[in-house]
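*Asks:*
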Amino acid sequence: MAFNILVADDSETMRAVVKKTVEMSGVPIGTFHEAANGKEALAILENNWVDVILSDINMPEMGGMDLLRAVAASEDYKRIPLIFITTESSEARMEEAKKLGVAGYIKKPFVPETIKTILYEVLARAYEHRLAADMPPQGGESGDMDF
Amino acid sequence: MDTKLRQIIYETLSEVFETMYFTFLEPLFETPAQEELAAADGYYEASITFQGGKSGCLRFYLPQSLARGITVNFLGVDEVDVNEAQILDTVKETANMAVGSLLGRIDPDGTMKLGLPQSRVASAFSSADLLAKPGLFLFNTEHGLLWVVYEEGA
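These protein sequence lines are chains R and G, in that order. Okay, so the first sequence: first residue is 31 according to this note's numbering, each after it adds one. Okay, so the second sequence: first residue is 4 according to this note's numbering, each after it adds one.
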């Protein structure tokens, strides 16, 4: 089994970089969905099973905060952990996101290791049983995973 | 512009370029010689506004070789595989990351809001016009000069 991942960011190049980073992290990926804003992300959620959302905050049409509110308010989606990957790093914004139930916060600019660490922490919290079954053994291609 | 804000802008831009693009910025505090000011291959421009306690805009002017270079490094692909849409997107994201990080440092309470970044080919780039601006930051890079203009109240 693998994880279906949804990335919401209005920058196509940023989505490509996040995708590459996640692929390199060793997390088993099923389908990698891409959305350019919160509205597109919700449309994807409507028709697809998603295990984790990685989202920017500052996006046109519907930003990440509104996406998080919509996910948290939905009986169908509130189980899905949402991680922000964003430039918006003020303490007030992080506090607001925490109150809304954000699962993790990655500040741009980031190093790949940060995405890997936080993604593993979040997935481990939400799907420990699946990770234990799916992950390649320590010392394999995915490198050192400490969670 | 006060010295502390100037220093924070230098540090923030350096962090973005080094972390995301493996490109080192050398701040220039004096105007370079005339022959160094002209980029043979033209420029891309990115801009982003912010509003709140302080309002303004940051504009970035990147020589095409620098814009292409950071896009190649960002995507981890060969130079021949990079197209103009990806370059414009990377330049736009640079403005977003730089100013988003900057606000995180100067506005921990989150009272200031970022606008949406824009990018385009800078068809009317003029080094003389930019040199006259008080909020100008100049950086030397391996791909030519990076010009950044901080406009308060824009």
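We put the CB at the ideal spot given by N, CA and C, even for glycine. In this text the structure is predicted, and so the values were computed from the model without any measurement.
Compile a chain-ordered list of the residues in the stretch 86 to 98 of chain G whose CB is closer than 8 Å to at least one CB of chain R.
*Replies:* Ala88, Gln89, Asp92, Thr93, Lys95, Glu96
*Asks:* Given this structure, state the Cα-to-Cα distance separating G/Ile12 from G/Lys136, to the nearest angstrom.
*Replies:* Roughly 16 Å between the two C-alpha positions.
*Asks:* Does DSSP classify G/Arg123 as helix, strand or coil?
*Replies:* strand
*Asks:* Just to check my reading of the structure: R/Met139 and G/Val19 have Cβ atoms closer than 8 Å, yes? What is that Cβ distance to the nearest angstrom?
*Replies:* What sits at residue 139 of chain R in the sequence shown is Pro, not Met. Yes, they are in contact, since the Cβ atoms of R/Pro139 and G/Val19 sit about 5 Å apart, within 8 Å.
*Asks:* Does any residue of chain B have a CB that is nearer than 8 Å to the CB of G/Phe77?
*Replies:* This model lacks chain B altogether; the protein chains it does include are R and G.
*Asks:* Since R/Glu53 is in the alpha helix (DSSP H), which residue starts that stretch and which ends it?
*Replies:* 42 to 55
*Asks:* In angstroms with no decimal places, state the Cα-to-Cα distance between R/Gly169 and R/Ala66.
*Replies:* Caution is warranted here: a pLDDT of 37 is assigned to R/Gly169, below 50, making its placement in the model unreliable, and no coordinate value can be reported.
*Asks:* For G/Val124, return the contacting residues in chain R, with the cut-off set at a CB-CB distance below 8 Å.
*Replies:* By Cβ distance, chain R contributes nothing, its closest Cβ being about 17 Å from G/Val124, past 8 Å.
*Asks:* Counting only beta-carbon atoms, is G/Asp110 nearer than 8 Å to chain R?
*Replies:* Yes, because at least one Cβ of chain R sits closer than 8 Å to the Cβ of G/Asp110.
*Asks:* Figure out for me which residue from G/Ala131, G/Ala127, G/Leu134 has the closest Cα to the Cα of G/Tyr46.
*Replies:* G/Ala127
*Asks:* For G/Ser129 and G/Leu8, what's the separation of their Cα atoms in angstroms?
*Replies:* 25 Å
*Asks:* What does DSSP give as the partner residue(s) for R/Ser85 in the beta ladder?
*Replies:* DSSP, once it has assigned bridges, lists R/Ala38, R/Phe114 as partnering R/Ser85.
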